[in-house]
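Asks:
2 protein chains.
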Amino acid sequence: MLPPGEPKFRRRKAARPGEIVAAALAVFAERGFAAARLDEIAARAGVSKGALYLYFETKEEIFRAVVDHAIAPNMQMIRAMVAAHPGPFPALLRAVGERIGALIETVPIGGVVKMVIGEARNFPEIARVWHDELAAQALGALTDAVRAAQVRGEVRVGDPRMFALELIAPMIMGVIWRETFVPVGALPFDLSALAGQHVETMLHGMMATEAVA
Amino acid sequence: MLPPGEPKFRRRKAARPGEIVAAALAVFAERGFAAARLDEIAARAGVSKGALYLYFETKEEIFRAVVDHAIAPNMQMIRAMVAAHPGPFPALLRAVGERIGALIETVPIGGVVKMVIGEARNFPEIARVWHDELAAQALGALTDAVRAAQVRGEVRVGDPRMFALELIAPMIMGVIWRETFVPVGALPFDLSALAGQHVETMLHGMMATEAVA
DNA sequence: TATTAATGACTGACCGGTCAGTTATCAGGA
DNA sequence: TCCTGATAACTGACCGGTCAGTCATTAATA
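Line by line, the protein sequences give chains A and B.
When the count follows the numbering used here, it moves up by one through the first sequence with no breaks and lands on 708 for the last residue.
When the count follows the numbering used here, it moves up by one through the second sequence with no breaks and lands on 708 for the last residue.
What follows is the structure in structure tokens.
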């Protein structure tokens, strides 16, 4: 009864956590926290359900790991972009817009956004981490950039934090639209084009002079 | 053994469905579909769990009723606003902005938005209804208004559907921010002020001339 | 051979949905 | 006005399926 071919599993302690988190991201993003089945996560990660508990204590801890995992690289990217452009505001905005447009077309950020929005009440600690370490920082960085541009006289008067929200909101809404309505037949948006058009619209709308080009 | 005081329940067939839907809205908004308990909905509606099944077949049907209930008045409002302003674009935009700003400050629309986003994959029919009867229509109405203004030469060139998304996205994001992050300590936005500032920003950004005032 | 990664059948709690029984309400008769 | 059935709105204990989490056992590897 011993098939001499492939062994029925391999011992790969180092690789498992990453594979489990990746599988969990996909399942949580598709189903939400409560409707996600540990059996499905395990199956997609190529392990049994029991193996999950060698690396994580509870379902909630897996969820937390997924959220944490999704934060780090994004925060790094945002910091790098803002730091790379102390110069004139239009240049910063166009660079950020282009980068984000390309990013959201490829990275599965949408699933995580949905997850955090949908489960925020049930897991306030997760909402807090996501806010403190990503949302508030990204919004803060953009707010600072806007405020600096206002001081330089480039950007007209107005609440800089609201300007920051106005800048990023359509991109996030575009992602939410894609995740929520496109699967049921909605006309999709070209998110890169949306990012480009919105940056130009906002530049015309925010700049003190018409020296936008 | 018969206490002569208050009866332990009353027969109020006409009022029950509305009360159940209102209670369900609150619980679904707080917990999401899966984590919402029928016992809690029943308790908040002031009935027993069994009574729910006198008026609804399943939990999902209650969910559907909540979503349907939230759609009708909003759609009516949007239609009325766009119909009331065939005239110059800035006037329409300011009217819509003011109305929406006031509305989202008061109406519990946020919970429903979170619900739909969070449960779209698990209940595609609900996402479809929400899209077909609200999101697509609202976006379409705004798109038509933008396109008409472009034809009149008021609004610069650009994808009108993207302009429409750019217009409404910050308001929706403001609501999501309030529902998701403010409960864990985030700095809130003044949504009316946000609506006002965004309308002015977008007018400056979209209009062909600087004849905004 | 010793060690431990990995399995998967199992358990127990939880919750959507049911239904036999209870009680408010009211029409009609005295 | 007070009783008295008839009706159906309402209750809440219960059932059965589902699924997160456990653990005795098996198998890969050093």
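Where is the CB? At the ideal position from N, CA and C, for every residue including glycine.
Just so you know, these numbers come straight off a predicted model, no measurement behind them.
Under the three-state reduction of DSSP, which class applies to V542(A): helix, strand or coil?
Replies: coil
Asks: What is the rounded straight-line gap between the Cα of A565(B) and the Cα of D639(A)?
Replies: Approximately 38 Å between the Cα atoms of the pair.
Asks: Are any of the Cβ atoms in chain B nearer than 7 Å to that of N569(A)?
Replies: no
Asks: The alpha helix (DSSP H) with P665(B) in it runs from where to where?
Replies: 655–675
Asks: Just tell me which of E501(A), F523(A), A510(A) has its CA closest to the CA of G613(B).
Replies: F523(A)
Asks: Kindly say whether K554(A), judged by its beta-carbon, lies nearer than 7 Å to any beta-carbon of chain B.
Replies: no
Asks: Looking at A622(B) and V516(A), is the spacing between their C-beta atoms short of 7 Å?
Replies: no
Asks: Under DSSP, the alpha helix (DSSP H) around L637(A) begins and ends at which residues?
Replies: 631–646
Asks: Say whether chain B places a C-beta atom closer than 7 Å to the C-beta of H564(A).
Replies: no
Asks: Tell me, please, whether the CB atom of I612(A) is closer than 7 Å to any CB atom in chain B?
Replies: yes
Asks: Could one say the Cβ of P619(B) lies closer than 7 Å to chain A's Cβ atoms, at least one of them?
Replies: yes
Asks: Below 7 Å between beta carbons: does that hold for V641(B) and V650(B)?
Replies: yes
Asks: At what residues does the alpha helix (DSSP H) containing F504(B) begin and finish?
Replies: In the DSSP assignment, F504(B) falls outside any alpha helix (DSSP H) and carries neither an H nor an E.
Asks: Run the proximity test for R505(A): is its beta-carbon closer than 6 Å to any non-hydrogen atom belonging to the ligand ZN?
Replies: The ligand ZN is absent from the structure shown, which contains no ligands of any kind.
Asks: Just to confirm the assignment, what range does the alpha helix (DSSP H) spanning M702(A) have?
Replies: Segment: none, M702(A) is in no alpha helix (DSSP H) and carries neither H nor E.
Asks: Please check if any C-beta of chain B sits within less than 7 Å of the C-beta of G592(A).
Replies: No, no contact with chain B.
Asks: Based on Cα-Cα distance, which residue from A681(A), V602(A), H626(A), R506(A) lies nearest to S543(A)?
Replies: R506(A)
Asks: Would you decide whether I502(A) is buried or exposed? Buried here means 16 or more other CB atoms lie within 10 Å of its CB.
Replies: Looking at the sequence shown, residue 502(A) is not Ile but Pro. By the neighbour-count rule (16 or more Cβ atoms within 10 Å), P502(A) is not buried but exposed.
Asks: Does the Cβ-Cβ distance between A741(A) and I536(A) come in under 7 Å?
Replies: What is shown of chain A runs 496 to 708, which leaves residue 741(A) out entirely.
Asks: If I'm right that V607(A) touches V562(A) with Cβ under 8 Å, what's the distance once you round it to whole angstroms?
Replies: 7 Å
Asks: Verify whether the separation of the beta carbon atoms of M657(B) and L549(A) is less than 7 Å.
Replies: no
Asks: Using a Cβ distance threshold of 8 Å, determine whether the segment 685–703 of chain A contacts the segment 596–604 of chain A, with at least three qualifying pairs required.
Replies: yes
Asks: Is there a Cβ from chain B that is less than 7 Å from the Cβ of P665(A)?
Replies: Yes, P665(A) lies at the interface with chain B (some Cβ there is under 7 Å from its Cβ).
Asks: By the criterion of Cβ-Cβ separation under 9 Å, what are the contact partners of Q692(A) in chain B?
Replies: G653, D654, M657, F658, E661
Asks: At 7 Å on the CB atoms, spell out the chain A contacts of V679(B), in chain order.
Replies: P619, A622, R623, H626
Asks: For a quick check, are the C-beta atoms of P665(A) and A664(B) less than 7 Å apart?
Replies: Between P665(A) and A664(B), the CB-CB gap stays under 7 Å.
Asks: Going by beta carbon distance, what residues of the same chain come within less than 6 Å of A546(B), once the five residues before and after it are set aside?
Replies: Hits under 6 Å: none found.
Asks: Taking only three categories from DSSP, how would you classify P498(B)?
Replies: Because P498(B) carries a pLDDT of 48, less than 50, the predicted location of this residue cannot be relied on, and the following value inherits that uncertainty. Coil.
Asks: Cβ atoms of G669(B) and M697(A): under 7 Å apart, would you say?
Replies: no
Asks: For V591(B), does the three-state DSSP call read helix, strand or coil?
Replies: Note: V591(B) maps to helix in three-state DSSP.
Asks: Can you pull the chain A neighbours of F676(B), defined as C-beta to C-beta under 7 Å?
Replies: A622, H626, A630
Asks: Report yes if the C-beta distance between N617(A) and A538(B) is below 7 Å; otherwise report no.
Replies: Here N617(A) is not near A538(B), since their CB atoms are 7 Å or more apart.
Asks: Mind listing the chain A neighbours of F684(B)? Cutoff is C-beta to C-beta under 8 Å, in chain order.
Replies: R656, M657, L660
Asks: In the DSSP assignment, what are the bridge partners of V650(A)?
Replies: Partner residues in the beta bridge of V650(A), as assigned by DSSP, are M702(A).
Asks: Rounding to the nearest angstrom, what Cα-Cα distance links R673(B) and R511(B) in this structure?
Replies: 30 Å
Asks: Considering only their Cβ atoms, is the gap separating I573(A) from A521(A) smaller than 7 Å?
Replies: no
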